[in-house]
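Asker: Supplied in structure tokens, the structure appears directly below.
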Ligand code: ADP
Ligand code: MG
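Structure below.
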């Protein structure tokens, strides 16, 4: 029924069908799930004698006579004298020659439009309907839907066609939700909800329709994620990693610090998951600096201990190199070699690494996208770790996974995804939360400064650098162009070196440098040879230089709060007090937003605030992939419904209900929804 092409409806020919297709509408189902963007309440009828200039009204009247005028070339006025029960006036149409024929004198009409006053009230008609034809009103005398349109389609036509579709489908539209859920949440039946969302009899009905369809939408999404996960877990069977943790213990014992309670907890979750015979799919969420890397290292050691290989993929070369160094530090003493593979690895080195991975002699590799290229083959890939996972597309994750046979998957993120969004996005991942920073960290003192207060910022940098610490100066992206940002950074570095800090070495890193050049600069900074590092946002993720104590960010209003928080997390990694200086324009809105950073150090709270300010699309920036698009639901506003849907989906899966017939169609819809998504 819902699969029938729209052309089977009256009034829909090939031309209109092509226009509908531009809106993504091909079938009757698509049409019915194409929801109004807004509504206008036209239930109140006014007497012509009572209308006032400037207001938009709906009136009922009789057409008495017509007159026609050419006001100027191509502007034809059609004016009808209309008589209401109380009062008379005029109704105006422009360039609609058919209107006179459609509404001849004597016809009773309902008109909606804006009122002007000349000799009497004049209504500039935006919608009209003739009465007495027995038709239901679609355009007046009701709450009227307005749709997002495309060229060549009108609201009138679309209302009519959707109305026809509803009429046809009405009784035959199958319910998709099981009765138990409908009763539990007192939801409208599906056909009624669809009827009401297009043509609500009153605001209450509209609310109920939206509530029902929103729940359906979120349940289908969550169910899709759960079914996906079931399928993966029941696939060819995952790897049961060795229960012997002695290697992991030795690694931990050799660390120069003790694990935090949170690190111990999440590591235990991960190790247990790895021992289980089904493939692990776990998200490790932790604020900047919470110490995710050693947790990953321990998990990788466990894989290696049982004779498997492990791979860690990071989004940038700087980060891959840094992880490589960290892992080498903790794993080399345990006689586990670690290789680093990036696009920048020289050919001979690359060949040695590829051979080592293929024969299994090389148990552990860290790298960038270079890892998912063709020619990279593993003998026995047992664990895949993905850092800053939101920087990768779903397909890229999958590309690394298929280099093994059902390897365990650990994805890590320092972007503190709000819980609401995490659930929506990763409903099929288990979540481990690192909610504790290593001891001794101090909150980063954050200040918002204007352009004119820059001197103050430089004084502070001067003081810190003189005390032997280091500083970052960030020039953010300008109009999303890394090349312009690089330009700005180059100018900034020159000015700082020559005019502001002639006595201290100023370094520069930006996206236009070659990877090896970047690495060289980062190395110098790490070793303290550079005191002040000017950078574009390339340092955003994961750079770990505990001696740096100042983070100055130019044009801070251009960046999202979550991203600023990430940048701020580059300092305050040691025990000395640290500072984050945000230089921003004077706009009230920007200052309000940045104030969140001044008052909070909690990445999750900041991310929630960011989400509220910017909405989910922008929150993740253009690099985010796989963000679901909902028709009705909006996050985080609908977080509660989402959570409910998640629980219901889980129950349906756990109890095997999905195999029962009332769930069949629901699950079919769920599978279609997430088809193509593979985590
Ligand atoms: P992130 O979670 O941001 O990736 P890292 O793994 O880079 O954090 O760790 C940040 C810093 O904290 C590193 O220098 C790391 O060595 C250090 N670190 C990690 N765990 C602890 C701990 N338990 N105690 C002290 N320092 C730690
Ligand atoms: Mg990290």
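Residue numbers (this note's numbering): 2 to 680. Just so you know, even glycine gets a beta-carbon here, dropped at the ideal spot from N, CA and C. All of these numbers come straight from a predicted model, not from anything done at the bench.
#1: By the 10 Å Cβ neighbour count, where 16 or more other Cβ atoms means buried, how is residue 201 classified, buried or exposed?
#2: Could you check how far apart the C-beta atoms of residue 367 and residue 304 are, in whole angstroms? I think they sit under 8 Å.
#3: Touch check for the segment 498-507 and the segment 530-539: three-plus C-beta pairs under 8 Å?
#4: Taking 9 Å as the threshold (C-beta atoms), are residue 660 and residue 548 in contact?
#5: Does the segment 139-147 come close enough to the segment 107-122 that 3 or more CB-CB pairs lie under 8 Å?
#6: Please name the residue, chosen from 650, 550, 405, that lies closest to residue 311 on a Cα-to-Cα basis.
#7: For residue 659, does the three-state DSSP call read helix, strand or coil?
#8: Residues in the same chain with beta-carbon distance under 6 Å from residue 264, minus the five sequence neighbours each way, listed in chain order, please.
#9: Could you tell me whether the Cβ atoms of residue 598 and residue 582 are closer together than 9 Å?
#10: Within the same chain, show all residues whose beta-carbon is closer than 6 Å to that of residue 194, passing over the 5 residues directly before and after it, in chain order.
#11: Please state whether DSSP places residue 635 in a helix, a strand or coil.
#12: Could you say which of 106, 98, 89 lies nearest to residue 1 if we only look at CA atoms?
#13: Quick check: what's the CA-CA separation for residue 175 versus residue 379?
#14: From the DSSP output, read off the bridge partner residues of residue 28.
#15: Comparing the CB of residue 393 with every heavy atom of the ligand ADP, is any distance shorter than 8 Å?
#16: Are at least three pairs of beta-carbons, each pair with one atom in the segment 247-263 and one in the segment 324-333, less than 8 Å apart?
#17: So is the beta-carbon of residue 301 under 8 Å away from any non-hydrogen atom of the ligand ADP?
#18: Evaluate the contact criterion for the segment 554-564 versus the segment 511-529: three or more CB pairs, one atom per stretch, below 8 Å.
#19: Could you give the DSSP three-state label for residue 223: helix, strand or coil?
#20: Report yes if the C-beta distance between residue 12 and residue 162 is below 9 Å; otherwise report no.
#21: Okay, do the segment 219-228 and the segment 644-656 touch, 3+ Cβ pairs below 8 Å being the bar?
#22: How would you call residue 317, buried or exposed, if buried means at least 16 neighbouring beta carbons within 10 angstroms?
#23: Once you ignore the five residues that flank residue 634 on each side, which residues in its own chain have a CB closer than 8 Å to its CB?
#24: Classify residue 433: buried if its beta carbon has 16 or more other beta carbons within 10 angstroms, exposed otherwise.
#25: On the three-state DSSP scale, how would you describe residue 158?
#26: Return the first residue and the last residue of the alpha helix (DSSP H) that residue 513 is part of.
#27: From which residue to which residue does the beta strand (DSSP E) around residue 85 run?
#28: Given this structure, state the Cα-to-Cα distance separating residue 183 from residue 346, to the nearest angstrom.
#29: From the DSSP output, in three-state form, read off residue 301 for me.
#30: Would residue 224 be called buried (16 or more neighbouring beta carbons within 10 Å of its own) or exposed?
#31: Count Cβ pairs between the segment 122-135 and the segment 77-96 that sit closer than 8 Å; are there 3 or more?
#32: Keeping to the same chain, check which residues put their C-beta closer than 8 Å to that of residue 674; ignore five residues upstream and five downstream.
#33: Once the 5 residues before and after residue 513 are set aside, which same chain residues still bring their CB inside 6 Å of it?
#34: State yes or no: is the C-beta of residue 327 nearer than 8 Å to some heavy atom of the ligand ADP?
#35: Taking the alpha-carbon positions, what's the residue 466 to residue 579 distance?
#36: Please go through the same chain and pick out, in chain order, the residues whose beta-carbon is closer than 8 Å to the beta-carbon of residue 463, but skip the five residues on each side of it.
Answerer: On the basis of the coordinates in this document:
#1: Counting from one through the chain shown, the residue named residue 201 turns up at place 200. Classification for residue 201: buried.
#2: What you label residue 367 is simply residue 366 of the chain shown in a count that begins at 1. What you label residue 304 is simply residue 303 of the chain shown in a count that begins at 1. Not confirmed; about 14 Å, so no contact.
#3: yes
#4: Numbered from its first residue, the chain shown carries residue 548 at position 547. Numbered from its first residue, the chain shown carries residue 660 at position 659. No, these two residues do not count as a Cβ contact at 9 Å.
#5: By the Cβ test, the segment 107-122 is in contact with the segment 139-147, since at least three Cβ pairs between them sit closer than 8 Å.
#6: For this step, residue 311 is matched to residue 310 along the chain shown. For the residues 650, 550, 405, the minimum Cα distance to residue 311 belongs to 405.
#7: As a working mapping, residue 659 is identified with position 658 in the chain shown. Residue 659 carries a helical assignment under DSSP once its states are collapsed to helix, strand and coil.
#8: For the purposes of this step, residue 264 is taken as residue 263 along the chain shown, with counting starting at 1. Cβ neighbours of residue 264 beyond the five flanking positions: 292, 296.
#9: Working through the chain shown from its first residue, we reach residue 598 at position 597. Working through the chain shown from its first residue, we reach residue 582 at position 581. No; because the gap between Cβ atoms is not below 9 Å, this pair is not in contact.
#10: Working through the chain shown from its first residue, we reach residue 194 at position 193. Contacts found: 210, 213, 214.
#11: As a working mapping, residue 635 is identified with position 634 in the chain shown. If DSSP states are grouped into helix, strand and coil, residue 635 belongs with coil.
#12: No statement about residue 1 is possible, as the shown extent of the chain runs from 2 to 680 and does not include it.
#13: Here residue 175 refers to the residue found at position 174 when the chain shown is read from its first residue. Here residue 379 refers to the residue found at position 378 when the chain shown is read from its first residue. Answer to the nearest angstrom: the Cα atoms are 49 Å apart.
#14: Position 27 of the chain shown, counted from the first residue, corresponds to residue 28. Looking at the DSSP output, residue 28 sits in a beta bridge with 6.
#15: Counted from its first residue, the chain shown places residue 393 at position 392. No, the ligand ADP has no heavy atom inside 8 Å of this Cβ.
#16: yes
#17: In the chain shown, counting from the first residue as 1, residue 301 sits at position 300. No, the Cβ of residue 301 stays beyond 8 Å of every heavy atom of the ligand ADP.
#18: No: the two stretches stay apart, fewer than three of their Cβ pairs being nearer than 8 Å.
#19: Along the chain shown, one-based indexing puts residue 223 at 222. DSSP places residue 223 in helix when its eight states are reduced to three.
#20: The residue labelled residue 12 in the question sits at position 11 within the chain shown. The residue labelled residue 162 in the question sits at position 161 within the chain shown. Cβ distance < 9 Å, so residue 12 and residue 162 count as in contact.
#21: yes
#22: By 1-based counting over the chain shown, the position of residue 317 is 316. The residue in question, residue 317, is buried, as its Cβ has 16 or more Cβ neighbours within 10 Å.
#23: Locating residue 634 in the chain shown gives position 633, where the first residue counts as 1. Once the five neighbours on either side are set aside, the close Cβ partners of residue 634 are 215, 218, 219, 642, 643.
#24: Residue numbering aside, residue 433 sits at position 432 when the chain shown is read from its first letter. That one is buried.
#25: Here residue 158 refers to the residue found at position 157 when the chain shown is read from its first residue. Note: residue 158 maps to helix in three-state DSSP.
#26: In the chain shown, the residue the question calls residue 513 occupies position 512. Here residue 513 belongs to no alpha helix (DSSP H), and DSSP marks it neither H nor E.
#27: Looking up residue 85 in the chain shown gives position 84. Per DSSP, residue 85 belongs to no beta strand (DSSP E) and is neither H nor E.
#28: For the purposes of this step, residue 183 is taken as residue 182 along the chain shown, with counting starting at 1. For the purposes of this step, residue 346 is taken as residue 345 along the chain shown, with counting starting at 1. Between residue 183 and residue 346, the C-alpha separation is close to 58 Å.
#29: Mapped onto the chain shown, residue 301 falls at position 300. Of the three classes helix, strand and coil, the one that applies to residue 301 here is helix, per DSSP.
#30: By 1-based counting over the chain shown, the position of residue 224 is 223. Per the 10 Å Cβ criterion, buried.
#31: yes
#32: Within the chain shown, the letter at position 673 stands for residue 674. Closer than 8 Å at Cβ, skipping near neighbours: 221, 222, 225.
#33: If you number the chain shown from 1, residue 513 lands on position 512. Excluding positions up to five away in sequence, the list reads 487.
#34: In the chain shown, the residue the question calls residue 327 occupies position 326. Residue 327: yes, Cβ under 8 Å from the ligand ADP.
#35: Against the chain shown, residue 466 aligns to sequence position 465. Against the chain shown, residue 579 aligns to sequence position 578. The straight-line gap from Cα to Cα measures roughly 12 Å.
#36: In the chain shown, the residue the question calls residue 463 occupies position 462. The answer, listed in chain order, is 502.
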